Amino acid sequence: MNQEEQVQVLGLWGSPFSKRVEMVLKLKGIPYEYIEEDVYVQKSPMLLKLNPIHKKVPVLVHQGKSIAESLVIVEYIEDTWKTSYPLLPHDPYERSMARFWAKYVDDKVMLTLWKACWGPESEREKMVEEAYDGLKYLEEELGDKQFFGGETIGFVDIAADFIAYWFGIAQEASGVMIMTAERFPKLQRWSQNFVRNNIIKEVLPPKEKLMALFKAQFGNNASNEA
Amino acid sequence: MTENEGKVKLLGCWASPFSRRVEMALKLKGIPYEYLEEALPNKSPLLLELNPIHKKVPVLVHNDKILPESHLILEYIDQTWSNNPILPQDPYEKSMARFWAKFIDEQILTVGFRSLVKAEKGREVAIEEAREKFAFLEKEVTGKDFFGGKTIGFVDMVAGSIIPFCLARLWEGMRIDVIPEDEFPELNRWIKTLKDIESVRECIPHREKQIEHMMKVSERYKLA
Numbered sequence: 001m002n003q004e005e006q007v008q009v010l011g012l013w014g015s016p017f018s019k020r021v022e023m024v025l026k027l028k029g030i031p032y033e034y035i036e037e038d039v040y041v042q043k044s045p046m047l048l049k050l051n052p053i054h055k056k057v058p059v060l061v062h063q064g065k066s067i068a069e070s071l072v073i074v075e076y077i078e079d080t081w082k083t084s085y086p087l088l089p090h091d092p093y094e095r096s097m098a099r100f101w102a103k104y105v106d107d108k109v110m111l112t113l114w115k116a117c118w119g120p121e122s123e124r125e126k127m128v129e130e131a132y133d134g135l136k137y138l139e140e141e142l143g144d145k146q147f148f149g150g151e152t153i154g155f156v157d158i159a160a161d162f163i164a165y166w167f168g169i170a171q172e173a174s175g176v177m178i179m180t181a182e183r184f185p186k187l188q189r190w191s192q193n194f195v196r197n198n199i200i201k202e203v204l205p206p207k208e209k210l211m212a213l214f215k216a217q218f219g220n221n222a223s224n225e226a
Numbered sequence: 001m002t003e004n005e006g007k008v009k010l011l012g013c014w015a016s017p018f019s020r021r022v023e024m025a026l027k028l029k030g031i032p033y034e035y036l037e038e039a040l041p042n043k044s045p046l047l048l049e050l051n052p053i054h055k056k057v058p059v060l061v062h063n064d065k066i067l068p069e070s071h072l073i074l075e076y077i078d079q080t081w082s083n084n085p086i087l088p089q090d091p092y093e094k095s096m097a098r099f100w101a102k103f104i105d106e107q108i109l110t111v112g113f114r115s116l117v118k119a120e121k122g123r124e125v126a127i128e129e130a131r132e133k134f135a136f137l138e139k140e141v142t143g144k145d146f147f148g149g150k151t152i153g154f155v156d157m158v159a160g161s162i163i164p165f166c167l168a169r170l171w172e173g174m175r176i177d178v179i180p181e182d183e184f185p186e187l188n189r190w191i192k193t194l195k196d197i198e199s200v201r202e203c204i205p206h207r208e209k210q211i212e213h214m215m216k217v218s219e220r221y222k223l224a
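These protein sequence lines are chains A and B, in that order.
With UniProt numbering applied, the first sequence has no gaps in its numbers, which climb one by one up to 226 at the end.
With UniProt numbering applied, the second sequence has no gaps in its numbers, which climb one by one up to 224 at the end.
The following block contains the structure:
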C-alpha cells in the first residue's frame, strides 16, 4: 500500500471535531490537502457524496476512500500510519481504557459543557452540576500526568481538544465559569500544556474569530436574561 | 497459564442487547466465562463498583481488569483472543465497521426506539423516518452474507443484538412492521441467516418475555 498517496481532509475552521483530525495528521507528519466546507452556508456536492449518511465534517479521503466521524478517522490514521507518533497504548486493556475516556468526553462531557453555557435557562443549573461531575472524573483520570496520554499527547488528549481550548473561549463568551483553576487545577494545567504544544498551536483556530462566532451564534447570557 | 486464560466474568442483563452481543463474541471465540445477571432497573453494589461512571451493563472483568461499554469490550475481546476474528485487519474496513456500529447504536436506536415511542409527529412519520435510516443498512448488507462478509463480525453482533431480538420485539408489541420484507429483503435475509449461527442463537432472549420487557421500557421512556 502506497501511503504517500494524497490525503484530503474536508473540515470546518472552527470545529473541534475537524481539528482533531488535523492535529493527528500534523503530529504524525502526514501531509494533507485541506478543503474548507462552510457547512452552515451550503454543503458542497463533494461533502454530500463523501458523507451521505451524516452530511458532516470532518471527512478524510485516502486512496479514493472516504471516512467520516472524527474519532473513527483518528483511529484509521493510527492504524494506517502505525510507527509515527503512536497515539494509543500497545496493551489491549490500556487501549480500551483510552477509548473509554475518549468516548466519555465525546458522548457525555462535551454536550453537558455546551449546555451549561448555552442551554435553556430551565436546564442550566442541572447542566452545570453535570458539567462539574464530568470534569471531576477527568480531573481524577488525568492525575499528575502531563497529558492523558502520559508524557506525550495521546488519543484522549486529542478527543478532549474542546475542553483544552474551545471551552475556555466559550466560558468567556457566555459568562458562565465552570472549569476554573480553583476547582480543576490539573485540567487547567493540562489545557495550557496542550495549547502550548508547538504542533497543536499551529492548528488551533484564532481565539478572536471563535469568540466572535460564539457571541454571534449564541448571544450573551446576560443579554438573554434582559 | 497464558495471559489469555484466567477468569472472565460478564455482568449483564438478559434483556440488554449490549450485554447479549458480548456473549455472542465470547461464545463465537469459545471463551468460558462466568455470567452475573444484573436485576435491572435496580443497580447492584457490584455494578456501581465496577462501572461507577455509567452504572450500566455490560461490564467485562478479565484478570481483574474491568471494562465497560459493549463496543470497547468487543474490540478488547478481539484483540486478546485472536481466533474467529470479528474485526477486519484492513484499516479502512475496520474504520467502516466502527462507523456502522456507531450508526446503529446511535441513529438506529434513536429511530427504532426513541422517536417511535415518543412519536411526536405521529407514528406514521416516525416509521417513515426510521425506514430512511434502515435503508442505509439495507444497502450495506446487500450482496454480502453478513455485514462482516462471509462470517459474522463486529457489525453483525451490534446490529444482530439490537435489531431482530430487541427493536423488532418492541415493534411486535406495538403491532407495527418497521422493516417489511418487500421493502427490506436483504435485511430480512440477513436476520434469517443470523438465527442459524449457534453463537447468535444461544444469545436470543425469550421472545414473549422480551416483548413484555420492551413494552415496559417504552412506557417508562414515554413518561421520562
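Ideal placement from N, C-alpha and C gives every residue a C-beta, glycine not left out.
Just so we're clear, the structure is a prediction, and the values are computed from it rather than from any experiment.
message: Suppose the cutoff is 6 Å on Cβ atoms and the five residues either side in sequence are ignored; what does the same chain contact list for A/PRO31 look like?
response: For A/PRO31, where only same-chain residues beyond five positions count, there are no Cβ hits under 6 Å.
- prompt: Touch check for the stretch 161 to 168 of chain A and the stretch 190 to 199 of chain A: three-plus C-beta pairs under 8 Å?
  reply: Contact check between the stretch 161 to 168 of chain A and the stretch 190 to 199 of chain A: three or more CB pairs, one atom from each, fall below 8 Å, which counts as touching.
message: Please confirm whether B/ILE53 has its beta-carbon closer than 8 Å to some beta-carbon of chain A.
response: By this cut-off, B/ILE53 is an interface position.
Through-space distance from A/GLU37 to A/PRO52, alpha-carbon basis: Cα to Cα, the separation comes out at about 15 Å.
Contact with chain D by A/THR83, beta-carbon distance below 8 Å: Of the protein chains in this structure, namely A and B, none is chain D.
query: DSSP on A/GLN146, reduced to helix/strand/coil?
result: Of the three classes helix, strand and coil, the one that applies to A/GLN146 here is coil, per DSSP.
query: Would DSSP call A/ALA222 helix, strand or coil?
result: At A/ALA222, the pLDDT of 43 sits below 50, so the modelled position is not reliable; the number obtained from the coordinates is stated separately. In the structure shown, A/ALA222 sits in a helix (DSSP, three-state: H, G or I).
message: Is A/TYR32 close to chain B? Criterion is C-beta to C-beta, closer than 8 Å.
response: Not an interface residue.
- prompt: Listed in chain order, which residues of the UniProt domain "GST C-terminal" (90 to 217) of chain B have Cβ atoms closer than 7 Å to some Cβ of chain A?
  reply: Answer set for the UniProt domain "GST C-terminal" (90 to 217) of chain B: PRO91, TYR92, LYS94, SER95, ARG98, PHE99, LYS102, PHE103 and PHE136.
message: Suppose you measure from the CA of B/LEU223 to the CA of B/ALA119; what does that come to, to the nearest Å?
response: The straight-line gap separating the alpha-carbon atoms of B/LEU223 and B/ALA119 is approximately 13 Å.
- request: May I have a chain-ordered list of the alpha helix (DSSP H) segments no shorter than 4 residues that lie completely inside the stretch 101 to 169 of chain B?
  value: Restricting attention to alpha helix (DSSP H) runs no shorter than 4 residues, the stretch 101 to 169 of chain B encloses them at 115 to 118, 123 to 141 and 154 to 162, ordered along the chain.
- prompt: If you measure from the beta carbon of B/TYR76 to each beta carbon in chain A, is any gap under 8 Å?
  reply: True, the Cβ-Cβ gap to chain A drops below 8 Å.
message: Judging by CA-CA distance, which residue of B/ILE176, B/TRP14, B/GLU186 and B/ILE66 is the nearest neighbour of B/GLU128?
response: Taking only the C-alpha atoms, the option nearest B/GLU128 is B/ILE176.
query: Shorter than 8 Å from the beta carbon of A/PHE100 to some beta carbon of chain B?
result: Yes, contact with chain B.
task: Return helix, strand or coil for A/SER66, following the three-state DSSP convention.
output: Secondary structure of A/SER66 (DSSP, three-state): strand.
- prompt: Between which two residues does the alpha helix (DSSP H) harbouring A/GLY11 extend?
  reply: Counting along the chain, A/GLY11 falls outside any alpha helix (DSSP H), though it belongs to the beta strand (DSSP E) covering 7 to 11.
- request: Compute the Euclidean distance between the alpha carbons of A/HIS62 and A/ASP79, then round it to the nearest angstrom.
  value: In a straight line, the C-alpha of A/HIS62 is about 13 Å away from that of A/ASP79.
task: Give the range of the beta strand (DSSP E) segment to which A/LEU204 is assigned.
output: Where A/LEU204 is concerned, there is no enclosing beta strand (DSSP E), given that its DSSP letter is neither H nor E.
- prompt: B/ASN63 to B/TYR35, Cα distance in whole Å?
  reply: Their backbone Cα atoms lie some 15 Å apart in a straight line.
field: Below-8 Å beta-carbon distance, B/LEU67 vs any chain A residue
entry: At least one chain A Cβ lies under 8 Å of B/LEU67.
message: Assuming A/ALA68 and A/VAL59 are in contact, meaning their beta carbons sit under 8 Å apart, how far apart are those beta carbons, in whole angstroms?
response: The pair is a contact, with the Cβ atoms about 5 Å apart (cut-off 8 Å).
field: Where B/LEU72 meets chain A, residues with beta-carbon distance less than 7 Å
entry: Per Cβ cutoff of 7 Å: SER96, ARG99 and PHE100.
query: Counting only runs that start and end within the UniProt domain "GST C-terminal" (91 to 213) of chain A, where is the alpha helix (DSSP H) found for 4 or more residues in a row?
result: Runs of the alpha helix (DSSP H) spanning 4 or more residues and lying entirely within the UniProt domain "GST C-terminal" (91 to 213) of chain A occur at 92 to 104, 110 to 118, 121 to 142, 155 to 159, 167 to 174, 185 to 196 and 198 to 203, in chain order.
message: Please list the terminal residues of the continuous alpha helix (DSSP H) segment that includes A/HIS54.
response: That residue, A/HIS54, is in no alpha helix (DSSP H); it is neither H nor E in DSSP.
query: Roughly how many whole angstroms lie between the Cα atoms of B/PRO185 and A/GLU202?
result: Near 50 Å, if we compare the C-alpha coordinates of A/GLU202 and B/PRO185.
field: Check whether B/LYS29 and B/ILE77 have beta carbons under 8 Å apart
entry: Yes, Cβ-Cβ distance for B/LYS29 and B/ILE77 is below 8 Å.
message: Looking only at its chain, what residues have a beta carbon closer than 8 Å to the beta carbon of A/VAL7, apart from the 5 residues adjacent to it on each side?
response: Non-local beta-carbon contacts of A/VAL7 in its own chain, meaning distances under 8 Å to residues more than five positions away in sequence, involve LEU25, ILE30, PRO31, TYR32, GLU33, LEU60, VAL61 and HIS62 in chain order.
field: Cutoff 8 Å: A/PRO16 Cβ touching any chain B Cβ
entry: For A/PRO16, the answer is no, since every Cβ of chain B falls outside 8 Å of its Cβ.
- prompt: How about A/MET179 and A/LEU135: do their beta carbons lie closer than 8 Å?
  reply: Their beta carbons are under 8 Å apart, which means A/MET179 touches A/LEU135 by this criterion.
message: Rounding to the nearest angstrom, what Cα-Cα distance links B/LYS121 and B/ILE73 in this structure?
response: Distance between the alpha carbons of B/LYS121 and B/ILE73 is about 37 Å.
query: Considering only residues of the same chain and omitting the five flanking positions on each side of residue 227 of chain A, which have a CB-CB separation below 6 Å?
result: This structure cannot settle anything about residue 227 of chain A, because the visible part of chain A is limited to 1 through 226.
query: Is it right to say A/GLN42 is buried, meaning 16 or more other beta carbons lie within 10 angstroms of its own, or is it exposed?
result: By the neighbour-count rule (16 or more Cβ atoms within 10 Å), A/GLN42 is not buried but exposed.
message: Suppose the cutoff is 6 Å on Cβ atoms and the five residues either side in sequence are ignored; what does the same chain contact list for B/CYS13 look like?
response: SER19, GLU38, LEU40 and VAL57.
- prompt: What span of residues does the alpha helix (DSSP H) with A/VAL21 cover, start to end?
  reply: Secondary structure note for A/VAL21: its alpha helix (DSSP H) is the uninterrupted segment 16 to 27.
- prompt: For A/ASP133, which option in A/ILE200, A/GLY14, A/LEU88 and A/ARG183 has the closest C-alpha, if you only look at C-alpha atoms?
  reply: For A/ASP133, the nearest C-alpha among the options comes from A/ARG183.
message: Short of 7 Å in beta carbon distance, which residues of its chain neighbour B/HIS213, apart from the five on each side in sequence? Order them along the chain.
response: Leaving aside the five residues that flank B/HIS213 on each side, the residues in its chain whose CB is nearer than 7 Å to its CB run, in chain order, ALA15.
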